[in-house]
Amino acid sequence: MRFSKRASWDLSVSDVADATRRARDAHADPIDLTESNPTRVGLASIAGLPALLARDEADRYDPDPCGMLGAREAVAAYYAERGYAVDPSRVILSASTSEAYAWLFKLLCDDGDEVLVPTPSYPLFSYLAGLEGARVETYPLVRADGFRVDTSELARKARSPRARAVVVVAPNNPTGTLLHEEDARAVEAIAAEHGLALIVDEVFSDYVWSPSPHLRRSFVGASTCATFVLSGLSKVCCAPGLKLGWMVSSGPDALVREAAARLEVIADTFLSVATPVQIALPDILARRSAIQAEVRARIETNRAELARAVGASSSKSVRVVPSDGGWTSLVEVPRVMGEDAWVTLLAERDGVLVQPGFFFDLDDGGTLAVSLIVEPDRFRRGVASLVARVDAVLAG
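Under the working numbering, read the sequence shown as residues 233 to 628, first letter to last.
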């Protein structure tokens with residue numbers, strides 16, 4: 233049997249993955265600071281969400297390619313509560329944010345076309361684009377008290393005749409940064425000038441702590457270029473298992489209508505969103521305030537604990553990278569060894585699991601990523617061990 237080039241991945245186990253496996257085997261209770269699955273971190277407020285799917289009316293199957301109207305109206309109401317006017321006709325439901333990306337890449341890209349994605353960012357994009365025959369081209373986020381878009385480099389990449397879309401993640405994963413308003417306008421102008429779609433991943437947009445008035449909080453309703461804002465239950469209600477995402481389109485009316493008509497055909501081809509979750513969506517979203525309050529409180533607690541642990545370091549050589557929101561924090565460590573060596577050392581000696589920066593295409597060689605939604609006691613012990621290990625290495 234022959235496999236396609238789209239599936240020609242390197243399936244070998246990395247050194248980091250192997251170290252993680254050994255740590256899980258060797259330590260009775262390893263502290264996993266990579267855990268970002270909200271169903272595995274003891275959140276009380278998400279209990280009972282699956283029970284909302286038990287509806288008598290779910291026995292009838294009457295599919296709408298874009299999603300049931302009541303569900304799309306619930307998404308529009310969610311945005312209205314946040315201060316954004318959304319027409320339900322501009323909402324398309326999917327089984328996940330990843331599927332929404334795949335549909336957009338199908339819509340926009342022929343084989344060999346390019347999708348411009350930020351770096352650092354989550355490594356999933358190369359898989360999603362590759363499975364649709366497209367290629368990822370990266371544009372840099374540069375360090376500037378956090379990370380800022382290098383708009384000059386983005387503009388250069390956008391001039392490629394194969395470029396089809398610009399992807400923005402806001403807040404970014406893992407940097408946690410939002411776009412400054414001037415950068416957001418520049419990105420929109422670049423996309424419009426070169427006829428590119430703007431795809432904005434806002435799955436973490438409910439978890440922003442920066443008070444700065446100079447940050448773009450959302451691209452919903454953006455009108456400069458064809459814009460597709462993605463989100464879903466995975467983060468909004470900490471319910472990845474319910475499998476429902478959405479995209480909201482805006483921009484020049486004729487262009488968006490044409491895109492929506494073609495997306496409807498794509499969605500109709502798959503009809504992937506289950507009926508029960510669509511029927512239950514208004515009630516699920518009604519739970520989001522309590523769920524998000526618990527998650528925000530945990531993030532605040534863990535951010536404070538991380539700052540406390542770093543402040544107590546005897547070597548003063550660990551630094552938390554500034555961020556605006558999200559579920560991840562980046563921690564800078566000394567470059568006396570590579571990130572993979574730090575990850576392996578922490579896993580094997582301390583039973584603490586972290587992610588290396590290079591996993592997200594961070595290229596500075598001295599950054600680790602930790603999840604901010606881990607149970608607070610475990611998080612406290614994990615980051616204390618991380619800082620203590622750095623101090624011990626530097627002390628010789």
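Heads up, the beta-carbon is just placed ideally off N, CA and C, and yes, glycines get one too. Just so we're clear, the structure is a prediction, and the values are computed from it rather than from any experiment.
To the nearest angstrom, how far is the alpha carbon of residue i from that of residue j?
i: Phe591; j: Leu585; result: 14 Å
i: Leu373; j: Thr351; result: 6 Å
i: Glu331; j: Ser549; result: 41 Å
i: Thr409; j: Asp556; result: 5 Å
i: Glu496; j: His446; result: 36 Å
i: Trp478; j: Tyr310; result: 12 Å
i: Ala620; j: Thr383; result: 39 Å
i: Gly558; j: Ser437; result: 7 Å
i: Gln510; j: Ala258; result: 43 Å
i: Asp593; j: Glu532; result: 26 Å
i: Glu434; j: Ala416; result: 14 Å
i: Ser504; j: Leu336; result: 15 Å
i: Pro381; j: Asp250; result: Per the sequence presented here, residue 381 reads as Val, with Pro not at that position. If you take the alpha carbons of Val381 and Asp250, they lie about 34 Å apart.
i: Val398; j: Cys470; result: 27 Å
i: Glu420; j: Glu414; result: 10 Å
i: Ala539; j: Ser603; result: 14 Å
i: Arg612; j: Ala255; result: 19 Å
i: Ile523; j: Leu513; result: 15 Å
i: Tyr439; j: Thr456; result: 26 Å
i: Arg272; j: Arg530; result: 14 Å
i: Ala276; j: Arg234; result: 47 Å
i: Asn534; j: Pro608; result: 6 Å
i: Thr252; j: Ala579; result: 6 Å
i: Pro484; j: Leu428; result: 12 Å
i: Trp574; j: Asn405; result: 21 Å
i: Val527; j: Arg287; result: 28 Å
i: Leu348; j: Glu289; result: 43 Å
i: Pro302; j: Ser521; result: In the sequence under discussion, the amino acid at residue 302 is Gly, which differs from the Pro named in the question. So the two alpha carbons sit approximately 20 Å from each other.
i: Val368; j: Leu386; result: 13 Å
i: Val307; j: Ser240; result: 37 Å
i: Asp693; j: Gly614; result: Since the first and last residues shown for the chain are 233 and 628, residue 693 lies out of range.
i: Phe451; j: Pro554; result: 22 Å
i: Leu618; j: Gly628; result: 16 Å
i: Leu243; j: Ser236; result: 15 Å
Between the beta-carbon of residue i and the beta-carbon of residue j, is there less than 9 Å?
i: Ile263; j: Arg610; result: yes
i: Ala197; j: Ala616; result: Given that the chain is displayed from residue 233 to residue 628, the structure contains no residue 197 and the question cannot be resolved.
i: Arg388; j: Leu411; result: no
i: Asp345; j: Gly365; result: yes
i: Ser353; j: Ile605; result: no
i: Arg238; j: Gly362; result: yes
i: Thr459; j: Ser482; result: yes
i: Val563; j: Val552; result: yes
i: Ser545; j: Val488; result: no
i: Arg543; j: Val565; result: Checking the displayed sequence, the identity of residue 543 turns out to be Gly instead of Arg. No, the Cβ-Cβ distance between Gly543 and Val565 is not below 9 Å.
i: Glu571; j: Gly583; result: no
i: Pro516; j: Leu462; result: As written in the sequence, residue 516 is Ile, which differs from the Pro given in the question. Cβ atoms of Ile516 and Leu462: not closer than 9 Å.
i: Pro320; j: Glu305; result: yes
i: Ser547; j: Ala601; result: no
i: Val400; j: Leu430; result: yes
i: Leu281; j: Arg581; result: no
i: Thr576; j: Val248; result: yes
i: Leu339; j: Ala491; result: yes
i: Ala454; j: Val432; result: yes
Rounded to whole angstroms, how far is the Cβ of residue i from the Cβ of residue j, which I believe are closer than 8 Å?
i: Pro508; j: Leu325; result: 13 Å between Cβ atoms; not a contact.
i: Lys475; j: Ala506; result: 7 Å
i: Cys341; j: Arg396; result: 5 Å
i: Pro297; j: Ala499; result: 4 Å
i: Gly299; j: Val323; result: 7 Å
i: His426; j: Arg391; result: 7 Å
i: Ala334; j: Leu360; result: 6 Å
i: Gln587; j: Thr266; result: 5 Å
Please tell me whether, using a cut-off of 8 Å, the distance from the CB of residue i to the nearest non-hydrogen atom of the ligand SAM is below it.
i: Gly299; result: Summarising the ligand content, the structure contains no ligands, and the ligand SAM is consequently not present.
Which residues does DSSP list as the beta-bridge partners of residue i?
i: Ala395; result: Glu346
i: Val368; result: Val347
i: Val602; result: Ser561
i: Pro406; result: Per DSSP, none; premise fails for Pro406.
i: Ile531; result: Ile531 is not bridged to any residue.
i: Ile263; result: Val584
i: Arg380; result: Val374
i: Val401; result: Asp433
### Task
Could you tell me which uninterrupted alpha helix (DSSP H) segments, each at least 4 residues in length, are contained entirely in the stretch 266 to 350, listed from first to last along the chain?
301 to 313 and 329 to 340
### Query
Can you list the beta strand (DSSP E) stretches of 3 or more residues lying completely in the stretch 411 to 494, in chain order?
429 to 433, 459 to 464 and 477 to 482
### Task
Pick out the complete beta strand (DSSP E) segments inside the stretch 536 to 580, 3 residues or longer, and give them in chain order.
560 to 564
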